[in-house]
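Visitor:
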Amino acid sequence: MSLWSRRQLVQRAVAAPLLRWLPRFSRALAPAPSRDRLLFDSGWRFHLGHASDPARDFGWGAESDFEKSSEVFRPSGLKFDDSAWRAVTLPHDWAVELPYVHADELNEYGDHPVGRNYPETSIGWYRRVFTLPAADAGRRITLEFDGVFRDALIAVNGRLVGRNFSGYAPYQADITDLLTYGTPNVLVVRVDATEREGWFYEGAGIYRHVWLVKTAPLHVAHWGTQVTAEVDGDHATVTVETEIAQDADGNASCSVRQEIHDAAGVVLASQVADHQSVAAWSTATVRQQLSVVHPRLWSVDTPILHTLVTTILVNAVEVDRYETSFGIRTIHFDADRGFLLNGARVAIKGTCNHQDHAGVGSALPDRLQSYRIERLKAMGSNAYRTSHNPPTAELLDACDRQGMLVLDETRLFSPEPEGLSQLERMVRRDRNHPCVIAWSLANEEYADQGSERGRLMIAAMRRAVLRLDPTRPVTAAMNGGWGKGFTFAVDVQGFNYFLGDIDAIHRDWPTKPLMGTEVSSALGTRGIYANDKERGYMSAYDVNAPGWGATAEKWWSYFAARPFLAGGFVWTGFDYRGEPTPYKWPCTSSHFGIMDTCGFPKDNFYYYQAWWGAAPVLHLFPHWNWSGREGQPIDVWVHSNLDEVELLLNGHSLGRKPVIANSHLSWQVPYAPGAIEARGFRGGRRVQADRRETTGPATALRLTADRNRIQANGEDLAVVSVEVIDAAGRVVPTDDAAITFTVTGPGAVLGVGNGNPSSHEPDKASNRQAFNGLCCVLVQAGTSPGQLAVSATAEGLASATALIAAESAQRRPAVD
Numbered sequence: 009m010s011l012w013s014r015r016q017l018v019q020r021a022v023a024a025p026l027l028r029w030l031p032r033f034s035r036a037l038a039p040a041p042s043r044d045r046l047l048f049d050s051g052w053r054f055h056l057g058h059a060s061d062p063a064r065d066f067g068w069g070a071e072s073d074f075e076k077s078s079e080v081f082r083p084s085g086l087k088f089d090d091s092a093w094r095a096v097t098l099p100h101d102w103a104v105e106l107p108y109v110h111a112d113e114l115n116e117y118g119d120h121p122v123g124r125n126y127p128e129t130s131i132g133w134y135r136r137v138f139t140l141p142a143a144d145a146g147r148r149i150t151l152e153f154d155g156v157f158r159d160a161l162i163a164v165n166g167r168l169v170g171r172n173f174s175g176y177a178p179y180q181a182d183i184t185d186l187l188t189y190g191t192p193n194v195l196v197v198r199v200d201a202t203e204r205e206g207w208f209y210e211g212a213g214i215y216r217h218v219w220l221v222k223t224a225p226l227h228v229a230h231w232g233t234q235v236t237a238e239v240d241g242d243h244a245t246v247t248v249e250t251e252i253a254q255d256a257d258g259n260a261s262c263s264v265r266q267e268i269h270d271a272a273g274v275v276l277a278s279q280v281a282d283h284q285s286v287a288a289w290s291t292a293t294v295r296q297q298l299s300v301v302h303p304r305l306w307s308v309d310t311p312i313l314h315t316l317v318t319t320i321l322v323n324a325v326e327v328d329r330y331e332t333s334f335g336i337r338t339i340h341f342d343a344d345r346g347f348l349l350n351g352a353r354v355a356i357k358g359t360c361n362h363q364d365h366a367g368v369g370s371a372l373p374d375r376l377q378s379y380r381i382e383r384l385k386a387m388g389s390n391a392y393r394t395s396h397n398p399p400t401a402e403l404l405d406a407c408d409r410q411g412m413l414v415l416d417e418t419r420l421f422s423p424e425p426e427g428l429s430q431l432e433r434m435v436r437r438d439r440n441h442p443c444v445i446a447w448s449l450a451n452e453e454y455a456d457q458g459s460e461r462g463r464l465m466i467a468a469m470r471r472a473v474l475r476l477d478p479t480r481p482v483t484a485a486m487n488g489g490w491g492k493g494f495t496f497a498v499d500v501q502g503f504n505y506f507l508g509d510i511d512a513i514h515r516d517w518p519t520k521p522l523m524g525t526e527v528s529s530a531l532g533t534r535g536i537y538a539n540d541k542e543r544g545y546m547s548a549y550d551v552n553a554p555g556w557g558a559t560a561e562k563w564w565s566y567f568a569a570r571p572f573l574a575g576g577f578v579w580t581g582f583d584y585r586g587e588p589t590p591y592k593w594p595c596t597s598s599h600f601g602i603m604d605t606c607g608f609p610k611d612n613f614y615y616y617q618a619w620w621g622a623a624p625v626l627h628l629f630p631h632w633n634w635s636g637r638e639g640q641p642i643d644v645w646v647h648s649n650l651d652e653v654e655l656l657l658n659g660h661s662l663g664r665k666p667v668i669a670n671s672h673l674s675w676q677v678p679y680a681p682g683a684i685e686a687r688g689f690r691g692g693r694r695v696q697a698d699r700r701e702t703t704g705p706a707t708a709l710r711l712t713a714d715r716n717r718i719q720a721n722g723e724d725l726a727v728v729s730v731e732v733i734d735a736a737g738r739v740v741p742t743d744d745a746a747i748t749f750t751v752t753g754p755g756a757v758l759g760v761g762n763g764n765p766s767s768h769e770p771d772k773a774s775n776r777q778a779f780n781g782l783c784c785v786l787v788q789a790g791t792s793p794g795q796l797a798v799s800a801t802a803e804g805l806a807s808a809t810a811l812i813a814a815e816s817a818q819r820r821p822a823v824d
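For the sequence shown, our numbering begins at 9 and goes up steadily by one.
Have a look at this one:
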């Protein structure tokens with residue numbers, strides 16, 4: 009071993025402390041990390057509390073919980089034992105997990121025991137322990153809740169973060185000053201669902217995503233960009249307003265670089281604003297304009313999206329990068345031509361929808377949001393009203409991608425601080441979505457919609473909207489009071505039902521654009537062809553509507569004949585829990601949907617497909633299983649947009665009839681087992697046929713997944729449809745076999761459903777009865793790639809298996 013020289017020893021003695029200090033010196037010189045937006049959905053623990061017994065509510069209310077700022081919630085303590093709490097992954101709706109209860113007060117809300125009279129199931133506690141790395145010290149840390157139903161009280165490390173009253177309005181809070189680094193932090197959310205905001209099923213819990221956002225002190229503010237576009241021929245001027253926050257001592261100076269990228273990542277335009285000053289603990293707005301030549305416009309048929317990349321630079325070093333998805337398009341509501349998109353008239357063929365779905369309640373994974381929009385687009389719909397509340401952002405993302413127009417609606421009609429706060433949060437979050445074409449400020453506010461007080465209230469709300477977004481009109485969904493109150497303040501007159509009043513308003517207000525904000529409310533149960541009060545079912549023929557509503561054929565014929573109307577939104581695209589009409593228990597779900605709660609089409613689906621779409625449609629119904637009714641007349645209908653349709657019974661023609669626009673065809677056919685067949689003609693040529701046959705007894709099951717490949721990211725899912733079939737492979741339309749599901753491989757059953765509005769079976773289960781030959785199972789991927797085998801079995805029937813490939817995928821950045 010060689011001996012060190014004296015010089016080497018001196019060098020080592022000097023260098024050693026420098027080497028120990030160098031990593032910290034390097035970190036200080038390195039640029040601060042840019043923005044991280046981390047999904048905060050996993051790792052939660054959940055437990056029910058109690059609304060009236062503090063001893064069963066973890067001591068809440070037993071003592072002064074706000075006496076000391078560090079003692080909010082007993083479960084906030086790091087040593088609190090939550091081993092008895094259940095592990096859950098968000099989004100989570102605990103109400104859908106509860107049994108059905110027969111009580112008149114619950115029927116409008118889906119018959120799950122949530123409310124003031126059910127204290128033991130109306131409070132939920134969520135707890136999450138997390139550790140931030142020491143390197144995060146000096147960054148700003150923000151919590152973002154996309155939606156918690158309903159009254160959420162939030163604490164970090166025993167310190168109060170804030171309270172959010174609305175179950176629909178997003179909420180965010182800077183928690184930087186409450187955190188520790190390198191040691192565990194405790195986040196606790198107490199959710200109080202004893203009070204409601206609507207008259208329909210609303211769920212309970214943290215049913216939308218939670219995010220943890222990390223930024224430099226100098227950063228783009230929350231929802232801090234606004235992107236608008238003006239199109240002139242083959243040129244578009246894109247205006248960007250960016251709100252920059254300096255959450256630190258000392259003034260800041262920065263440059264703001266904007267780049268517009270197309271879907272392939274190609275930069276179409278860029279612009280830099282240098283020497284921008286932001287005072288300490290304040291915000292500043294920077295306005296920039298960019299030019300795009302030969303812009304590709306967003307539309308319902310070509311939903312082309314662009315990405316604005318906003319970069320904040322200090323001394324040429326990036327300190328924040330913020331991306332905004334947007335579309336280049338123009339919108340205009342006209343009193344004579346209706347709605348114009350990019351200068352061309354587009355009839356609004358819309359549906360209203362609540363946000364629940366079979367198997368999951370209100371806690372929809374992102375993929376299910378997309379699935380629902382796909383089903384509506386397949387029907388020919390091009391518009392979606394977010395009834396009666398702000399949606400989750402992922403729904404709007406799906407509408408942007410698929411070309412679905414949106415009427416975005418706030419929940420609370422109020423110009424007071426809480427109402428304006430909820431409205432402004434919605435507008436700031438959603439204003440860059442090209443799908444959003446108007447803001448709805450109220451729904452059926454019968455006490456105010458026709459009054460001077462109502463005019464003043466909605467005018468104040470309109471002013472708040474225009475400060476944030478001057479590019480879109482506001483409307484209100486009115487079911488009376490037209491020509492008074494709201495009418496004087498809104499930009500577009502909304503109509504809920506009552507078709508007879510529309511022509512008079514158009515005559516008296518010839519410069520006011522008009523739109524059907526809610527129409528139809530036709531009633532029907534999938535696969536049922538006679539009203540059945542005892543079981544709570546409605547005939548699926550287009551013959552049932554409540555006194556305020558209209559059949560599908562009646563409302564659409566009326567609107568289609570009046571081009572000055574912008575179009576309308578049908579109540580509803582999907583069935584939903586609660587508001588059963590006209591029957592109550594055992595019915596727990598509505599009958600208004602054009603599809604059931606699973607997304608299975610009812611027969612009216614094909615009426616809209618025929619008259620809202622361009623493709624040829626021929627749909628024959630009902631089924632042809634009517635044992636015991638031999639010789640009795642059966643009402644046979646056809647929905648078609650062809651020229652003529654011929655009907656045959658067991659090969660014998662019952663006549664050919666011409667198709668009248670926006671209507672249906674019908675025959676009275678004496679029942680005889682065998683087959684009925686509809687043959688459709690266009691230009692004298694037979695182009696389509698549809699057939700219903702008397703089936704044999706059920707012999708087997710058949711599974712069909714909406715997608716055979718999904719991402720192994722812990723979030724993606726497949727919707728697997730189950731059919732009960734006979735020996736010839738025909739769906740048995742009256743069968744209700746009890747089916748059990750198993751999943752092998754890296755995935756699990758998320759929920760089940762069958763579309764039966766009177767079913768009291770649990771959604772969170774691995775078994776379900778078929779309803780009129782159909783049911784569905786939602787299968788969610790895990791985080792490992794592999795093959796999922798979804799199997800269905802039923803006593804006396806041949807089982808079936810569907811194979812789904814869970815493919816390797818990059819997971820969204822998440823909190824560990």
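Glycine included, C-beta positions come from ideal geometry on N, C-alpha and C.
Can you tell which of Gly691, Ala680 and Glu654 has its C-alpha closest to the C-alpha of Leu673?
Guide: Answer by Cα proximity: Glu654.
Visitor: Would Asp257 be called buried (16 or more neighbouring beta carbons within 10 Å of its own) or exposed?
Guide: The residue in question, Asp257, is exposed, as its Cβ has fewer than 16 Cβ neighbours within 10 Å.
Visitor: Which value, in whole angstroms, describes the spacing of the CA atoms of Gly335 and Ala455?
Guide: Each residue's Cα considered, the two are about 38 Å apart.
Visitor: In chain order, which continuous runs of the beta strand (DSSP E) of length 3 or greater are located wholly inside the region 237-270?
Guide: You should have 243-254 and 260-269.
Visitor: Under a Cβ-count criterion, where at least 16 other Cβ atoms within 10 Å of its own Cβ denotes burial, should His217 be classed as buried or exposed?
Guide: With 16 or more Cβ atoms within 10 Å of its Cβ, His217 is classed as buried.
Visitor: Give the single residue among Arg570, Gly544 and Ser529 whose Cα lies nearest to the Cα of Asn552.
Guide: Residue Ser529 is the option with its Cα nearest to Asn552.
Visitor: When you compare the CB positions of Leu650 and Pro666, do they come within less than 7 Å of one another, or not?
Guide: No, they are not a contact pair.
Visitor: Between the C-alpha atoms of Lys520 and Asp499, what's the straight-line distance to the nearest angstrom?
Guide: If I take the Cα positions, the gap works out to 7 Å.
Visitor: Assign Gly565 to one of three DSSP states: helix, strand, or coil.
Guide: Residue identity differs from the one stated: residue 565 is Ser in this sequence, not Gly. Note: Ser565 maps to helix in three-state DSSP.
Visitor: Which residue marks the beginning of the beta strand (DSSP E) containing Leu94, and which one marks its end?
Guide: Reading the sequence as shown, one finds Arg at residue 94 and not Leu. Counting along the chain, the beta strand (DSSP E) containing Arg94 begins and ends at Arg94 to Val96.
Visitor: Return the CA-CA distance between Tyr176 and Arg94, expressed in angstroms with no decimal places.
Guide: The alpha-carbon atoms of Tyr176 and Arg94 are separated by roughly 25 Å.
Visitor: Just list the alpha helix (DSSP H) runs in the region 103-162, keeping only unbroken ones of 4 residues or longer that don't cross its boundaries, in chain order.
Guide: 112-115, all fully within the region 103-162.
Visitor: Less than 7 Å separating the beta-carbons of Val578 and Val527?
Guide: Yes; because the gap between Cβ atoms is below 7 Å, this pair is in contact.
Visitor: Using only alpha-carbon positions, find the residue among Val414, His58, Arg43 and His120 that is nearest to Trp593.
Guide: Cα-wise, what sits closest to Trp593 is His120.
Visitor: Distance check for Arg715 and Val823, CA to CA, integer angstroms please.
Guide: In a straight line, the C-alpha of Val823 is about 29 Å away from that of Arg715.
Visitor: Alpha carbon to alpha carbon, how far is Val122 from Asp112? Give it in angstroms, no decimals.
Guide: Taking the straight line joining both Cα atoms gives about 13 Å.
Visitor: Return the bridge partner residues of Ala2 from the DSSP annotation.
Guide: No statement about residue 2 is possible, as the shown extent of the chain runs from 9 to 824 and does not include it.
Visitor: Tell whether a beta-carbon distance below 7 Å holds between Ala743 and Gly781.
Guide: Note that residue 743 is Asp in the sequence shown here, rather than Ala. Yes, these two residues count as a Cβ contact at 7 Å.
Visitor: Give the straight-line distance between the Cα atoms of Leu657 and Asn633, rounded to the nearest whole angstrom.
Guide: The alpha-carbon atoms of Leu657 and Asn633 are separated by roughly 14 Å.
Visitor: From Val221 to Leu151, what does the alpha carbon distance come to, in whole angstroms?
Guide: Approximately 6 Å between the Cα atoms of the pair.
Visitor: Determine which residues share a DSSP beta bridge with Pro666 and list them.
Guide: Looking at the DSSP assignment, Pro666 forms a beta bridge with Glu652.
Visitor: Quick one: is Leu811 buried, meaning 16 or more other Cβ sit within 10 Å of its Cβ, or exposed?
Guide: With fewer than 16 Cβ atoms within 10 Å of its Cβ, Leu811 is classed as exposed.
Visitor: What separation, rounded to the nearest whole angstrom, lies between the Cα atoms of Gly155 and Glu685?
Guide: Roughly 49 Å between the two C-alpha positions.
Visitor: Taking Phe749 as the reference, which of Thr801, Arg437, Gly704 and Leu725 has the closest Cα?
Guide: The shortest Cα separation from Phe749 among Thr801, Arg437, Gly704 and Leu725 belongs to Thr801.
Visitor: Would you kindly check if the distance between the Cβ of Gly581 and the Cβ of Leu384 is under 7 Å?
Guide: For Leu384 and Gly581, yes; Cβs fall inside 7 Å.
Visitor: Measure the beta-carbon distance from Val197 to Ile214 and round it to whole angstroms, keeping in mind my assumption that it falls under 8 Å.
Guide: Right, their Cβ atoms sit about 7 Å apart.
Visitor: Determine, using beta carbons only, whether Asn670 and Arg819 come nearer to each other than 7 Å.
Guide: Contact flag unset, no.
Visitor: Hey, would you say Gly69 sits closer than 7 Å to Ile131, going by beta carbons?
Guide: Taking 7 Å as the Cβ cut-off, Gly69 and Ile131 do not qualify as a contacting pair.
Visitor: Indicate, with yes or no, if the ligand GDP has a heavy atom lying under 6 Å from the CB of Lys385.
Guide: Among the components modelled here there is no ligand, and therefore nothing to report on the ligand GDP.
Visitor: Just checking my contact of Pro225 with Asp255 at CB under 8 Å: how many whole Å lie between their CB atoms?
Guide: About 5 Å; that satisfies the 8 Å criterion.
Visitor: Taking only three categories from DSSP, how would you classify Asp698?
Guide: Strand, per DSSP.
Visitor: Going by DSSP, what residue range makes up the beta strand (DSSP E) through Pro192?
Guide: Its beta strand (DSSP E) spans residues Pro192 to Asp200.
Visitor: According to DSSP, simplified to helix, strand and coil, what is Gln457?
Guide: It is coil, neither helix nor strand.
Visitor: By Cβ distance, which residues of its chain are closer than 6 Å to Arg337, with the 5 residues on each side in sequence left out?
Guide: The answer, listed in chain order, is Leu305, Trp306, Asn350 and Pro442.
Visitor: CA-CA distance, Pro821 and Ala324?
Guide: So the alpha carbons of these two residues sit roughly 27 Å apart.
Visitor: Which residues in the same chain have their Cβ closer than 8 Å to the Cβ of Asp509, if we skip the five residues on either side of it in sequence?
Guide: Trp490 and Phe503, listed in sequence order.
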